[in-house]
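Data first, discussion second: the structure below is written as structure tokens.
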Amino acid sequence: MAKQDKDTPPPLPEPLRVPVADSHTHLDMQGTTVEEALATAASVGVTTLVQVGCDLNGSRWAADTAAAHEAIHATVALHPNEAPRIVLGDPDGWSRQGAREPGGDAALDAALAEIDALAARPEVRGVGETGLDHFRTGPEGMAAQERSFRAHIEIAKRHGKALVIHDREAHDDVLRILREEGAPDRVVFHCYSGDAAMAEVCAAAGYFMSFAGNVTFKNAQPLRDALAIAPPELLLVETDAPFLTPAPYRGRANAPYLIPLTLRAMADVKGMTEDALASAVAANTARAFDY
Ligand SMILES: [Zn+2]
Ligand SMILES: [Zn+2]
Numbered sequence: 000m001a002k003q004d005k006d007t008p009p010p011l012p013e014p015l016r017v018p019v020a021d022s023h024t025h026l027d028m029q030g031t032t033v034e035e036a037l038a039t040a041a042s043v044g045v046t047t048l049v050q051v052g053c054d055l056n057g058s059r060w061a062a063d064t065a066a067a068h069e070a071i072h073a074t075v076a077l078h079p080n081e082a083p084r085i086v087l088g089d090p091d092g093w094s095r096q097g098a099r100e101p102g103g104d105a106a107l108d109a110a111l112a113e114i115d116a117l118a119a120r121p122e123v124r125g126v127g128e129t130g131l132d133h134f135r136t137g138p139e140g141m142a143a144q145e146r147s148f149r150a151h152i153e154i155a156k157r158h159g160k161a162l163v164i165h166d167r168e169a170h171d172d173v174l175r176i177l178r179e180e181g182a183p184d185r186v187v188f189h190c191y192s193g194d195a196a197m198a199e200v201c202a203a204a205g206y207f208m209s210f211a212g213n214v215t216f217k218n219a220q221p222l223r224d225a226l227a228i229a230p231p232e233l234l235l236v237e238t239d240a241p242f243l244t245p246a247p248y249r250g251r252a253n254a255p256y257l258i259p260l261t262l263r264a265m266a267d268v269k270g271m272t273e274d275a276l277a278s279a280v281a282a283n284t285a286r287a288f289d290y
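Start counting the sequence shown at 0; every next residue gets the next number (numbering that gives the first Met the number 0).
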């Protein structure tokens with residue numbers, strides 16, 4: 000793709016007839032105003048957004064933004080790759096808050112206490128994204144990551160909020176820790192990345208599976224196989240924008256207004272009409288986040 004193509008936002012898709020929610024987005028990383036993102040999304044039938052926090056600043060921003068906008072709900076957390084940075088430090092400063100000294104377990108506890116306080120706010124409908132990321136965090140960070148995940152599960156249960164899971168190359172460990180801690184009533188696997196066998200485990204446990212733009216990628220047949228057997232009443236759709244832009248715009252910036260592309264690809268896999276899947280997804284998202 001030529002450079003100018005990469006910098007051009009994908010065109011507006013044909014609007015959905017049945018409005019849905021983008022169940023997982025990062026408006027604070029998209030380079031547009033909240034108002035612009037909401038208006039563009041609403042113009043194609045994406046009328047509700049779940050804004051996900053990944054660190055303390057982002058979680059405070061998510062809660063404040065949801066408080067200011069009826070169409071936005073917030074989730075709050077320390078991302079699985081954020082927790083090790085708090086404990087071990089981040090000398091290179093590649094996290095969004097810049098270079099940091101190691102804070103140890105005390106710093107993680109202090110940050111978790113703030114997440115706990117934010118989770119009590121009514122506009123905060125979920126705790127996450129939390130979980131495990133064996134791709135980005137090396138063995139030295141795993142203890143901090145796991146301690147943080149267990150703490151987020153406890154916070155979600157105590158506040159009666161949905162738990163939003165980030166699971167990257169960590170399926171078995173995520174499922175095991177959920178079993179060990181006891182899962183909250185409502186669990187969402189964001190950017191679902193397991194295979195069909197894992198989808199059966201999630202379905203039996205009643206976990207929601209939220210599919211992102213990567214389900215449209217050519218090499219994603221295992222993901223489509225998982226989607227094919229996932230029960231319609233547990234399906235959500237998300238952008239994870241600005242990441243994971245659906246085909247045919249892979250490589251350009253993602254935004255909530257591109258949800259129709261992913262939803263239509265999902266409907267094809269499920270053998271459902273677009274309207275039937277959109278109705279199911281809209282109801283499921285409202286149930287998952289209790290709004
Ligand atoms: Zn994630
Ligand atoms: Zn995310």
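Glycine included, each C-beta is placed from N, C-alpha and C at the ideal position.
Beta-carbon gap between Ala161 and Phe242 smaller than 8 Å: No.
Under DSSP, the beta strand (DSSP E) around Ala195 begins and ends at which residues? For Ala195, there is no enclosing beta strand (DSSP E); the enclosing alpha helix (DSSP H) has its first and last residue at 195-204.
At what residue ranges does the segment 202-256 contain a whole run of the beta strand (DSSP E), taking only runs of 3 or more? Secondary structure in the segment 202-256: the beta strand (DSSP E) runs of 3 residues or longer, each lying completely within the stretch, are 207-210, 234-236 in chain order.
What does DSSP give as the partner residues of Thr24 in its beta bridges? Thr24 is bridged by DSSP to Gln50.
When you get a sec, list the residues whose CB is within less than 6 Å of any heavy atom of ligand 1, chain order please. Selection output, chain order preserved: Glu128, His165, His189, Cys190.
Is the closest heavy atom of ligand 2 to the C-beta of Asp239 under 7 Å? The answer is yes for Asp239.
Closest Cα partner of Phe207 within the set Ala110, Pro221, Glu35, Ala225: Residue Ala225 is the option with its Cα nearest to Phe207.
Contact belief for His165 with Pro79 at Cβ below 8 Å, rounded distance in angstroms: Yes, they are in contact, since the Cβ atoms of His165 and Pro79 sit about 5 Å apart, within 8 Å.
Pairs of beta-carbons, one from the segment 203-219 and one from the segment 261-276, closer than 8 Å: are there three or more? Cβ pair count under 8 Å is three or more, so yes.
Check each candidate in Gly52, Ala219, Gly205 and name the one with the smallest Cα separation from Ala229. The alpha carbon of Ala229 has as its nearest neighbour, out of Gly52, Ala219, Gly205, the alpha carbon of Gly205.
Would you mind sorting Ala203 into buried or exposed? The rule is 16 or more other CB atoms within 10 Å of its CB. If you draw a 10 Å sphere on the C-beta of Ala203, you find fewer than 16 other C-beta atoms in it, and that means exposed.
Where do the N-terminal and C-terminal ends of the beta strand (DSSP E) with Ala161 fall, by residue? For Ala161, the enclosing beta strand (DSSP E) starts and ends at 161-167.
Measuring CA to CA, which of Leu117, Asp115, Glu81, Tyr191 is closest to Gly102? Cα-wise, what sits closest to Gly102 is Glu81.
If we count the other Cβ atoms within 10 Å of its Cβ and call it buried at 16 or more, is Glu34 buried or exposed? With fewer than 16 other CB atoms across the displayed protein chains lying within 10 angstroms of its CB, Glu34 is exposed.
Which same chain residues end up closer than 7 Å to Val75 when comparing Cβ atoms and leaving out the 5 residues on each side of it in sequence? These residues qualify, in order along the chain: Gly52, Ser58, Ala61, Ala62, Ile114, Leu117, Ala118, Val123, Val126.
With distance defined between alpha-carbon atoms, name the residue in Ile152, Gln144, Thr284 nearest to Ala169. For Ala169, the nearest C-alpha among the options comes from Gln144.
Kindly indicate the opening and closing residues of the beta strand (DSSP E) around Arg16. Where Arg16 is concerned, there is no enclosing beta strand (DSSP E), because DSSP gives it neither an H nor an E.
Please go through the same chain and pick out, in chain order, the residues whose beta-carbon is closer than 8 Å to the beta-carbon of Lys5, but skip the five residues on each side of it. If you ignore the 5 residues before and after Lys5, its C-beta comes within less than 8 Å of the C-beta of Gly250, Arg251, all in its own chain and listed in chain order.
For Ala292, which of Tyr191, Ala195, Cys201, Met197 has the nearest alpha-carbon? There is no way to answer for residue 292, as the model of the chain reaches only from 0 to 290.
Hey, would you say Leu87 sits closer than 8 Å to Asp54, going by beta carbons? The answer is no: Cβ separation not under 8 Å.
Within 10 Å of its beta-carbon, does Pro12 have 16 or more other beta-carbons around it, so buried, or fewer, so exposed? With 16 or more neighbouring CB atoms inside 10 Å of its own CB, Pro12 falls in the buried class.
Roughly how many angstroms separate the alpha carbons of Glu100 and Gly92, rounded to a whole number? So the alpha carbons of these two residues sit roughly 10 Å apart.
Contacts around Arg185, its chain only, beta-carbon distance under 6 Å, and the 5 residues preceding and following it disregarded: Cβ neighbours of Arg185 beyond the five flanking positions: Ala161, Ala287.
Delimiting residues of the alpha helix (DSSP H) encompassing His158: For His158, the enclosing alpha helix (DSSP H) begins and ends at 141-158.
With distance defined between alpha-carbon atoms, name the residue in Ala20, Pro9, Leu15, Pro10 nearest to Leu235. The option with the nearest alpha carbon to Leu235 is Ala20.
On the CB-based measure, 16 or more other CB atoms within 10 Å of its CB, does Asp194 come out buried or exposed? Classification of Asp194: exposed, given that the 10 Å Cβ count is below 16.
Leu107 versus Phe134 - alpha carbon distance: In this structure, the CA atom of Leu107 is about 21 Å from the CA atom of Phe134.
From Asp172 to Thr136, what distance separates their C-alpha atoms? Whole-angstrom Cα-Cα distance: 14 Å.
In this structure, does DSSP put Leu262 in helix, strand or coil? In this structure, Leu262 counts as helix in the three-state DSSP scheme.
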